[in-house]
Amino acid sequence: MKVISITPRGFCYGVVDAVEIAKRVAADPSTPRPIYILGQLVHNRHMVERLAQYGVISLENTSSRLELLETIDHGTVIFTAHGVSPAVKARAREKGLNCVDTTCPDVEKTHVLIRRLVADGYDILYIGRKGHPEPEGAIGEAPDHVYLIQDAQDLERLVLPQTEKLAVTTQTTLSRWDTDALIERIRARYPGVQVHTEICQATQLRQEAAVRQSADADAVFVVGDLHSSNSNRLVDVVREQAHRPVYLIDSVHDIRPEMLEGVHTVAVTAGSSTPSDITREVIRFLQAYEPATTTQPA
Ligand code: SF4
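Heads up, the working numbering is the position in the sequence shown plus 1, with the first residue counted as 1.
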């Protein structure tokens, strides 16, 4: 089968740095043990399993970062690339934990922006995904002045204390297309609003490449974790902007024959938290795929 390997795809610089830091910390014998990560370092179960082999424990459930922190009382805590709130940092220090911060510089930029805007008297509408750690960390910079909006319904329900000084900012891993539509609604409701789109360059380049390079494909596979925001946005943009059938798969084992029925050309991309060997395995399988003869991976 003809396979279009979309580029760029996969690990972004923020994830590469976070993984390197976590491995270095784990390899250093002077690092206080046990070593915990507050959540998943990146949203990919393969990476979580690999880090566990280095002795790094991912504290994973749906609790807030502050609640997760209360489940540990000694050792090292790694803050993920998604960033954490000042309250989490302060509590970790208070507990005497050795803190390692892998917050991506692009996420840190949003934190700095929020602090500056609030100091200048602004209230902020933050466009992001509910329950995702990045909004939790960013909003935690000024919880009384930042309002999380995921969709138009949230905007309709919003009651603000003042509308004179309003700004909008965004989670880094959203889709420009979705965000632009919501920002237009916000502008219509609050004409003077100051807009700061913070979708990171890595996310944007991967989305634009996915839309452009999947134009000639009969189907598209996004290799990524079900809980990865940027992988899910890749699926959205391919479906809504390139109008291609698109599947989010965790690995080659999720590929089913019916997904390839009548397909001659397939395009493959990957979320920025997906290890490249997992994506390469998908590409190799599809390249070798002969619908009549190929059996499914075990
Ligand atoms: S997706 Fe963007 S913001 Fe998130 S870690 Fe990667 S480069 Fe940083």
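Backbone N, C-alpha and C fix where the C-beta goes; we use that ideal spot for every residue, glycine too.
All of these numbers come straight from a predicted model, not from anything done at the bench.
Listed in chain order, the beta strand (DSSP E) runs fully inside the stretch 52–96 are 57–60 and 77–80, counting runs of at least 3 residues. DSSP places residue 232 in the helix class (H, G or I) of the three-state scheme. Taking the Cα of residue 198 as reference, the smallest distance to any Cα among 209, 215 and 111 is reached at 111. Residue 249 sits away from residue 267, with the two beta carbons spaced by 7 Å or more. Straight-line spacing of the CA atoms in residue 37 and residue 58 works out to 5 Å. Counting only the Cα atoms, residue 107 lies some 32 Å from residue 255.
Every beta strand (DSSP E) stretch that sits fully inside the stretch 120–168 and reaches 3 residues is listed by chain position as 124–128 and 147–150. In the structure shown, residue 37 adopts extended strand secondary structure according to DSSP, grouped into three states. In the structure shown, residue 197 falls within a strand segment according to DSSP collapsed to helix, strand and coil.
Taken from the Cβ of residue 238, every heavy atom of the ligand SF4 lies 6 Å or farther away. Residues 101 and 103 of the same chain have their beta carbon placed closer than 7 Å to that of residue 22, with the five preceding and five following residues left out of the count. Here the C-alpha atom of residue 210 lies approximately 45 Å from the C-alpha atom of residue 97.
A contact between stretches requires three or more CB pairs, one per stretch, nearer than 8 Å, and the stretch 23–36 fails this requirement with the stretch 217–233. Membership of residue 249 in the beta strand (DSSP E) is indicated by the continuous run 247–250.
Annotation for residue 107 indicates a beta carbon within 6 Å of some heavy atom of the ligand SF4. Per the DSSP secondary-structure output, residue 19 pairs with nothing in a beta bridge.
Between the C-alpha atoms of residue 43 and residue 230 there is a straight-line separation of about 10 Å. If you ignore the 5 residues before and after residue 136, its C-beta comes within less than 7 Å of the C-beta of 127, 129, 130, 149 and 172, all in its own chain and listed in chain order.
Taking 6 Å as the cut-off, the C-beta of residue 273 counts as close to a heavy atom of the ligand SF4. Between residue 159 and the set 114, 212 and 124, the nearest pair of CA atoms involves 124.
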